[in-house]
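Report on the following structure.
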Amino acid sequence: MTDPYAPPAPADVRIKARLYAGAQLRALRAAAHLNQRAMAARLGVSVSYLSQLEGDERPLTAAVTAALARHFPAALAGIEGEAPARRLVALGHALADPAVAPLPPGDVARLAEERPALADRLIALHMAKRAAEERVALAEEALTAGVGARLPWEAVRDWFHEAGNYIDPLDRAAEEWAERHDAETMLAAYGIALATDPREDAPLARFDGATLHLNAALPPESRRFLIANRVAALAFADPIAAIVAGSALPQPEARRLLAIGLANYAAGAMLMPYAAFRAAARSVRHDIDRLSRRFGTSFEQACHRLSTLQRPGAEGIPFYFCRVDMAGNITKRHSATRLQFARFGGACPLWHVHEAVAIPDRILVQHAETPDGVRYVSMAKGLVKPSGRFARMPRRYAVALGCEAAHAADFVYADAVDPRSPTPIGISCRLCPRADCDQRAFPPTDRAIAVEGDVRGVVPYRVI
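For reference, each letter of the sequence shown is one residue, going 60 to 523 in our numbering.
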């Protein structure tokens, strides 16, 4: 019997049946190549408790559900359903914002389950806050640098960033294509011959309508990618054209650059098909050298592909990825994390990617903390593209890949950092509020400074 004097339950409270997921947990642990001890540590429970969960002797609790949302969001979607799992992951990100008083993971899970309408409002507020912060940062940087309208290259780079660096219809089409075809064989099927251009000043690739001419000095992985790129431009001409037409990019140069970028994206998805690449990445804890060997790609190509694994319901780790040249210019950038890159001017000098440029073929790792209190683990590697002759300088740059410290257990490079002492970094000096940084090149644009003639520090002013 119900109690007639009991107060009515709030409208958005949902009573959830106890959920037993032993078979799914066992399958998840096997797919992640974890023993029970490692899986229990990941979920924050004892080995005996995990055994009870896997044996359907205990139901999932809010704390275990929250741990699954942090470490295995795609698997949680398969257990609870996609909408509740995505709500829990998004709410966890929103309530991890330093501007919000933190909640224990179990409380976050209960809020998502029992007050879904309130959870959705909190998620929407957090997304609006982040969008506003990005607009303010962009406006400040543009005013500081005196930059007006975006150049075509910047417009395309921002288009990919706003798309989450994941193009679903193109990615799925390329994955399906890769199951049945080989790029070099298909090049011949299209009636295109393949030739090697021995000239020293030959471009990387040149297509004359009948023959694809490739530079003789190309390494095997670059050669494979350029063949895949040409096939992608032909095989996916219609979807690429449709995406470009709907992009709203005003400049014809930007639209042409977007078409090239989409063909590059499709080529990467053909060589590193989504599901296979994501599973391999998880099995080797995102060890980039091992992934490069397994899929026959370059180090940079594998890094870039890891930053695109954002398929709804089967997301990979949210990474940031960038490429930096010798002068500190960021020539590629994308972030699926809360870290945002400077669009104008230099990046933070304390960021290890700058050191990596000068030390080719060596991986540097870093544990860093941004002014908002978020911690990241990242790796950076300096790369050299030989010029082929003494009179021409080789291309030197570095790539960096990183994730929030919450994902450290799934990122092999985190094993080499000290979690107790993060390096304080910022976006750029003009946007960094830190008052005590001895690497500062410029004062922050939104803070006053005091100039004291009788006291001299590293810089001739003090940030107030």
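The beta-carbon is built from N, C-alpha and C at its ideal position, and this holds for glycine as well.
(message) Closest to residue 262 by C-alpha separation, out of 511, 446, 215, would be which residue?
(response) 446
(request) Check the DSSP bridge columns for residue 266 and list the partner residues they point to. (result) 271
(request) Report the three-state DSSP secondary structure of residue 165 (helix, strand or coil). (result) helix
(request) Classify residue 511 as buried or exposed, calling it buried when 16 or more other Cβ atoms lie within 10 Å of its own Cβ. (result) Answer is exposed; the Cβ neighbour count stays below 16.
(request) Identify the continuous alpha helix (DSSP H) that holds residue 354 and give its terminal residues. (result) 347 to 354
(request) Specify, as a first and last residue, the run of the beta strand (DSSP E) that residue 392 falls within. (result) The continuous beta strand (DSSP E) containing residue 392 extends over residues 389 to 394.
(request) Look at residue 291 and residue 254 and say whether their C-beta atoms are less than 7 Å apart. (result) no
(message) Am I right that residue 121 and residue 81 are in contact with their C-beta atoms under 8 Å? What's the rounded C-beta distance?
(response) Incorrect: roughly 18 Å between the Cβ atoms, too far for contact.
(request) Classify residue 574 as buried or exposed, calling it buried when 16 or more other Cβ atoms lie within 10 Å of its own Cβ. (result) Outside the displayed span of the chain (60 to 523) sits residue 574, for which this structure offers no information.
(request) Compute the Euclidean distance between the alpha carbons of residue 146 and residue 181, then round it to the nearest angstrom. (result) 10 Å
(request) Report the three-state DSSP secondary structure of residue 204 (helix, strand or coil). (result) Low local confidence applies: a pLDDT of 49 at residue 204 is under 50, so the model's placement there is unreliable, and no value is given.
(message) Going by beta-carbon coordinates alone, are residue 334 and residue 369 separated by less than 7 Å?
(response) In this structure, the beta-carbon distance from residue 334 to residue 369 does not fall below 7 Å.
(request) Following the continuous beta strand (DSSP E) through residue 460, name the residue where it begins and the one where it ends. (result) 454 to 463
(request) Taking the CB atoms as reference points, tell me whether residue 106 and residue 97 lie closer together than 7 Å. (result) no
(request) To the nearest angstrom, report how far apart residue 406 and residue 381 are at their CA atoms. (result) 11 Å
(request) Please list, in chain order, all residues of the same chain as residue 392 whose beta carbon is under 6 Å from its beta carbon, the five residues on each side excluded. (result) 381, 400
(request) Have a look at residue 481 and residue 430 and give me their C-alpha separation to the nearest angstrom. (result) Spanning the two alpha carbons is a distance of roughly 12 Å.
(request) Only counting runs of 3 or more residues, tell me where the beta strand (DSSP E) segments fall wholly within the segment 236 to 265, in order along the chain. (result) 252 to 256
(request) Take residue 457 as the anchor and find which of 101, 478, 420, 90 has the nearest alpha-carbon. (result) 420
(request) Could you work out which residue in 389, 220, 384, 350 is closest to residue 418 when comparing CA atoms only? (result) 384
(request) State the DSSP-derived secondary structure class of residue 131, mapped to helix, strand or coil. (result) coil
(request) Could you name the residues that DSSP lists as bridge partners for residue 381? (result) 392, 459
(message) Given this structure, state the Cα-to-Cα distance separating residue 460 from residue 519, to the nearest angstrom.
(response) Rounded to whole angstroms, residue 460 to residue 519 spans 35 Å at the Cα level.
(request) Look at residue 500 and residue 522 and say whether their C-beta atoms are less than 7 Å apart. (result) Contact flag unset, no.
(message) If you reduce the DSSP assignment to three classes, tell me which class residue 425 lands in.
(response) strand
(request) Could you pull out every residue in the same chain whose Cβ sits closer than 7 Å to the Cβ of residue 298, ignoring the five residues on either side in sequence? (result) 228, 229, 232
(request) Taking 8 Å as the threshold, find out whether the segment 304 to 320 comes into contact with the segment 274 to 282 through three or more Cβ pairs. (result) no
(request) Taking 7 Å as the cut-off, decide whether the C-beta atoms of residue 353 and residue 471 are in contact. (result) No, they are not a contact pair.
(request) Work out the CA separation of residue 90 and residue 410 for me, nearest whole Å. (result) Each residue's Cα considered, the two are about 34 Å apart.
(request) Compute the beta-carbon to beta-carbon distance between residue 102 and residue 128, rounded to the nearest angstrom, for a pair I have assumed lies under 8 Å. (result) Actually they are not in contact, since the Cβ atoms of residue 102 and residue 128 sit about 11 Å apart, beyond 8 Å.
(request) Measuring alpha carbon to alpha carbon, tell me which of 444, 111, 473, 83 ends up nearest residue 278. (result) 444
(request) Say whether the segment 350 to 365 touches the segment 182 to 191, bearing in mind that this needs 3 or more beta-carbon pairs closer than 8 Å, one atom from each stretch. (result) no
(request) Check whether the Cβ atoms of residue 274 and residue 256 lie closer than 7 Å to each other. (result) Yes, these two residues count as a Cβ contact at 7 Å.
(request) Output the distance between the C-alpha atoms of residue 206 and residue 216, rounded to the nearest integer angstrom. (result) Because residue 206 sits at a pLDDT of 48, beneath the cut-off of 50, its placement in the model cannot be relied upon, and the following sentence gives the value as read from the coordinates. Each residue's Cα considered, the two are about 16 Å apart.
(message) Just to check my reading of the structure: residue 251 and residue 271 have Cβ atoms closer than 8 Å, yes? What is that Cβ distance to the nearest angstrom?
(response) About 6 Å separates the Cβ atoms of residue 251 and residue 271, confirming a contact at the 8 Å cut-off.
(message) Here's the rule: buried if 16 or more other CB atoms are within 10 angstroms of the residue's CB, otherwise exposed. What is residue 249?
(response) exposed
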